[in-house]
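These notes are about the structure you will find just below.
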Amino acid sequence: MSGGVGPTADISLPKEQEHEFKEHHDPISSSKLSPKTSKSQTPHTTTNRKPGLFSFRQLNALAVIIVLSASGMVSPQDLAFVLFSIAYMYFISKVAFPMQSSTKDPPVFSPQNKILRLYVLLGAIIGLVLPIAYIFEGIFEGDKQGISAASPHVFLLASQVFMEGLAFTDRFSIPIRVFVPVFYNSRRIFTIVEWLTSEFSKGYEEYGGSAKRLYLGRVLAIANMAFWCFNLFGFLLPVYLPRAFKKYYSTHKVKEY
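The numbering of the sequence shown is our numbering, which starts it at 413 and goes up by one.
What follows is the structure in structure tokens.
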């Protein structure tokens, strides 16, 4: 997920992106392999994800989406937002930012960047793993208010991870990769604000659950607000967005001349 927790902070898995980058954009080095080396790598290549099929990461995100939707913890507005994002992503990919070549665009940042990997991992833990654990614990403690407050953020982040998997295929250009995390991150800021308001409006007497959960819920909401605000305003907009568009339009100019 790029920030999103992609190769940028759109949360997509760095190793998966590294493999795709080498496969699509390093034909010279692959052609220099000895016959023996090529044969040994053939079985590995045949196990790659085929275009149009979902990755393991996307299937996990899809499972979270389905569970939350089926449980009634997702509002019609959030469902409509996801459906609109799918339609609009395909629309602008055809009208505004079509692919410039038949090959997949390289990632904006190197997938071997260790700092980026740690950043993506941190986003996944703060944004998905801990909130999901918080929701499951709330089921046992009967904290309906906490569950309903955290669910929209988890649903939208899981949807973002799923959509980033689509955006990073060879059917979409670099600007579409930017669109998904920026679009979803902007929407999730509002859901986190509602989550924060809900957590701090709980009175200990009327809450009925443990004091530990009460404070953990507040800390988790604050951590998500801090991380995703930085991700949007400190990384995606000032760093990722300019570099992605520069790469896209520089490629376009090279083709024109």
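C-beta atoms are modelled at their ideal positions from N, C-alpha and C, and glycine is treated no differently.
These figures come from a predicted structure and were not determined experimentally.
Here the stretch 638-658 lies against the stretch 586-594, with 3 or more beta-carbon pairs under 8 Å apart. Around the beta carbon of PRO510, fewer than 16 other beta carbons sit within 10 angstroms, so the residue counts as exposed. Under the three-state reduction of DSSP output, ASP582 falls in the coil class, being neither helix nor strand.
Within the same chain, Cβ atoms closer than 7 Å to the Cβ of ALA635 are found at ILE538, the five residues on either side in sequence being excluded. Contact between the stretch 561-581 and the stretch 491-499 is present, with at least three C-beta pairs closer than 8 Å.
At a Cβ-Cβ threshold of 8 Å, LEU632 and LEU542 count as neighbours. SER598 has its alpha-carbon roughly 7 Å from the corresponding atom of LEU644.
Taking C-alpha positions only, ALA482 is separated from LYS556 by approximately 16 Å. For GLN470, the enclosing alpha helix (DSSP H) starts and ends at 468-482. The three-state reading of DSSP puts PRO519 in coil, since its state is none of H, G, I, E or B.
Between the beta-carbon of SER585 and that of SER505 there is about 7 Å, and that keeps the pair under the 8 Å contact cut. Around GLY629, the same chain offers TYR546, GLY558 and GLU611 as residues with beta carbons nearer than 7 Å, after the five sequence neighbours per side are excluded. With contacts defined as CB atoms closer than 8 Å, PHE466 and GLY550 fail to qualify as a contacting pair. Taking every protein chain shown into account, the CB of PHE567 has 16 or more other CB atoms within 10 angstroms, so this residue is buried.
For LYS526, the enclosing alpha helix (DSSP H) stretches over residues 526-536. Distance from the CA of PRO587 to the CA of GLY554, rounded to the nearest whole angstrom, comes to 43 Å.
Ranked by Cα distance from PHE602, the first of ARG625, VAL520, SER563 and LYS624 is SER563. In this structure, the straight-line span from the alpha carbon of PHE552 to that of SER560 is close to 14 Å. Rounded to whole angstroms, the separation of the alpha carbons of LEU528 and TYR627 is 30 Å. Measuring C-alpha to C-alpha distances from SER662 to each of GLN512, ALA508 and PHE468 identifies GLN512 as the nearest. LYS658 counts as exposed, since fewer than 16 other beta carbons sit within 10 angstroms of its beta carbon. In the same chain as MET575, and ignoring 5 residues on each side of it, the C-beta atoms closer than 6 Å to its own belong to VAL592, in chain order.
Judged by beta-carbon spacing, PHE639 lies within the 8 Å limit of GLY535, meaning their Cβ atoms are closer than that value. Pairing VAL476 with GLY484, the inter-Cα distance amounts to about 13 Å.
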